[in-house]
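S.K.: Shown below is the structure under consideration.
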Amino acid sequence: MHIVFSAATPEDFKRLLALRLSVMREHLERLGRFDSDRARARFSAGFAPAFTRLVHLDGAFAGCVTLRPGGEGIELEHFYLRPEFHGQGTGSRILACLLEETDQAGQRVHLGVLKQSPARRFYERHGFVFTHAGEFDDYFIRMPRQGTPSLAR
29 MHIVFSAATP
39 EDFKRLLALR
49 LSVMREHLER
59 LGRFDSDRAR
69 ARFSAGFAPA
79 FTRLVHLDGA
89 FAGCVTLRPG
99 GEGIELEHFY
109 LRPEFHGQGT
119 GSRILACLLE
129 ETDQAGQRVH
139 LGVLKQSPAR
149 RFYERHGFVF
159 THAGEFDDYF
169 IRMPRQGTPS
179 LAR
């Protein structure tokens, strides 16, 4: 599998919003929090094409991820893969590429995960450690690692 990242543009908003809704709907409904208007507003408020990458696998659009510089490192946001890529180790390979970048830059990575989401276990497997709980999300951090072999290639 060949992973390629490309820059997002403002024109990608609708496609990435649709992806977010398809990936998050089930989890938000489980918490009684799904509202398409609120989901659109939240994604619109956080959509930053300058920091968002489209993910392509073997030439096909697979998803997106945002790596936004923050006060104490990098904020990993909006990491969504099309459902047909779930459960195959694809997310792990993509995340390994991203973490290799942040490790080389010596940056810690912060993220929030919707409460009761299976994504929590995914991030914990990749070295993220719980820091605190918010009303709807749990928050994690991963410190930079030195000399870690790449799993992505």
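Position in the sequence shown counted from 1, then plus 28, gives you the working numbering.
By construction, the Cβ of each residue, glycine as well, lies at the ideal position given by its N, Cα and C atoms.
1. Run through DSSP, which three-state label would THR130 get?
2. What is the residue span of the alpha helix (DSSP H) that SER64 lies within?
3. Assign SER28 to one of three DSSP states: helix, strand, or coil.
4. Does the count of Cβ pairs from the region 110-120 and the region 63-76 closer than 8 angstroms reach three?
5. Starting from ALA35, trace the beta strand (DSSP E) in both directions and tell me its first and last residue.
6. Measure the C-alpha to C-alpha separation of ARG173 and VAL83 and round it to an integer number of angstroms.
7. Considering only residues of the same chain and omitting the five flanking positions on each side of ARG68, which have a CB-CB separation below 7 angstroms?
8. Is LEU126 near LEU95, with beta carbons less than 9 angstroms apart?
9. Can you list, in chain order, the residues of its chain whose CB lies under 7 angstroms from that of ALA147, leaving out five sequence neighbours each side?
10. Could you compute how far the alpha carbon of ALA161 sits from the alpha carbon of TYR167?
11. Enumerate in chain order the residues of its own chain whose CB-to-CB distance from MET171 is below 7 angstroms, with the five nearest sequence positions on each side excluded.
M.R.: Checking against the coordinates, here is how it stands:
1. helix
2. 64-74
3. The chain is shown from 29 up to 181; residue 28 falls before or after that span and cannot be answered.
4. no
5. 31-35
6. 24 angstroms
7. LEU45
8. yes
9. VAL141
10. 6 angstroms
11. ARG136
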